[in-house]
Structures are given as C-alpha cells and as structure tokens.
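Colleague:
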Amino acid sequence: SLYVDGDLVYEQRSDGLIVSTPTGSTAYSLSAGGPIMHPGLDAMVVVPMFPHTLTSRPLVVRGDSDIKVVIANTAETPKFSCDSQVDHALKGGDEVHIAKHPHRLNLLYPLGHSFFESCRSKLDWASRLGNG
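Heads up: the sequence shown begins at -7 in our numbering, then just goes up one per residue.
#1: Taking Ser73 as part of the beta strand (DSSP E), name the residues at either end of that continuous run.
#2: With burial defined as no fewer than 16 other Cβ atoms inside 10 Å of the residue's Cβ, what is the status of Ala64: buried or exposed?
#3: Quick one, which of Lys92, Asp116, Asn98 and Thr15 has its alpha-carbon nearest Val(-4)'s?
#4: What is the residue span of the alpha helix (DSSP H) that Lys114 lies within?
#5: Report the partner residues of Gly8 according to the DSSP bridge assignment.
#6: Determine, using beta carbons only, whether Leu82 and Pro70 come nearer to each other than 7 Å.
#7: Starting from the Cα of Leu115, find the closest Cα among Lys60, Phe42 and Ser23 and give me that residue.
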C-alpha cells in the first residue's frame, strides 16, 4: 500500500517500488519507466517496478511529501535498499517511511555544466532522424 501525506494512493502488486529524487531520477527510476526530472525540481517520483496491472503509472509528488509504503502479508520476502547498497529484509505489516532530510544538499557541477547537454549525450538525444 502506498500513502502520500497520510492519504492512501493505492494498493497494488508489483515487483517493487522505486522512490527517487530528481538527482536519482535518471538512473533507477528512468530504467523502470519513470520520468526524467530536472535537478532543480523540489519533487520525488514513485515508480512501480513491473506492476501487475496496466493502469499503474509513475507518480510525481512534492519534495516535502511524507511517503509511506506498507508491506502486505505475503509468502515472499520483500527487501528494502537505498541506492542498491544494503538490503534489509521486510515482512508483512512492516512500514517504510520516506521523507526529505531537513538539511539541504548542495551539488557541485563543473563550470559550463548543462543538464540538457548531459541528457543529449547520455541518452543519445543528439542524433538526427535518418542518420541511422
């Protein structure tokens, strides 16, 4: 079950759920069908991984939202990880709470860095139609 700011969003079956900030949105979230989010946005995106329905779509919420995921009772052993670093086993009834850290993170970029140039380069947006 997914809750945002205490409101039930949905209950669904899926292979997982990715919650990402704009900084991480072009990695895990994008590969699961999530949007590309400009790093200047104060937002989070929730992307279901292989949902068992055709109506499930990525959801973008305010950056200061309180996100809660409640694990259903299941024979499976769901896992929780941050940036694929450490897995923590979960069980039915467990809750995962996700919220913005109260301190702002300042990211440093090289002089002349362009988010859109990075997208063109990494996502091959620079190729022209018909150039094979």
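Cβ atoms here follow ideal geometry from the backbone N, Cα and C, with glycine treated the same way.
Quantities reported herein were computed from a predicted structural model and do not represent experimental measurements.
Modeller: From the atom records:
#1: Here the question's residue 73 lines up with position 81 in the sequence shown. It spans Lys71 to Ser73 - the beta strand (DSSP E) in which Ser73 sits, taken as one unbroken run.
#2: Residue 64 sits at position 72 when you count from the first residue of the sequence shown. With fewer than 16 neighbouring CB atoms inside 10 Å of its own CB, Ala64 falls in the exposed class.
#3: Position 4 of the sequence shown holds residue -4. It is Lys92.
#4: Mapped onto the sequence shown, residue 114 falls at position 122. Start and end: Phe107 to Lys114.
#5: Position 16 of the sequence shown, counted from the first residue, corresponds to residue 8. DSSP, once it has assigned bridges, lists Met41 as partnering Gly8.
#6: As a first step, residue 82 must be located in the sequence shown, where it is residue number 90. As a first step, residue 70 must be located in the sequence shown, where it is residue number 78. Less than 7 Å separates the beta-carbon of Leu82 from that of Pro70.
#7: Looking up residue 115 in the sequence shown gives position 123. Nearest Cα to Leu115 within the set Lys60, Phe42 and Ser23: Ser23.
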